[in-house]
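What follows is a short report on a single structure.
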C-alpha cells in the first residue's frame, strides 16, 4: 500500500472572518451618532437598531472586530460609561 500524500501546505491567506451579531446593552442616554462614532473607532460595524430608552443596540461585525473589542474592552467608553 503506497504512503499517503503529504497534507496540502497551509494557505498564505487567512481564513475569511465570519460576521456575528452582537447585542450591546447598558448604553447611557445619548444619540445614535455618538454610538456610531464609538463603534467606528473599533472597526467596521453595522448598527441595525438603537433604542435610546432601553440603552440597547444591535450591531453586526466581523469576528476580527469582535476579538479587538474583547482585547480592549476596558478602554471602550461612551461618555463616562464603560461599554460592556
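Numbering (full-length UniProt numbering), first residue to last: 1 to 84. Ideal placement from N, C-alpha and C gives every residue a C-beta, glycine not left out. Only a predicted model underlies this, so the values are computations on that prediction, with no experimental measurement involved.
Just the Cα atoms here: how many angstroms apart are residue 40 and residue 54? 21 Å
Considering only C-alpha positions, which residue in the set 52, 50, 57 and 35 is nearest to residue 23? 57
Endpoints, alpha helix (DSSP H) assigned at residue 69: 63–71
If we ignore side chains and look at the alpha-carbon of each, how far apart do residue 74 and residue 68 end up? 11 Å
Specify the secondary structure class of residue 42 as computed by DSSP and reduced to three states. helix
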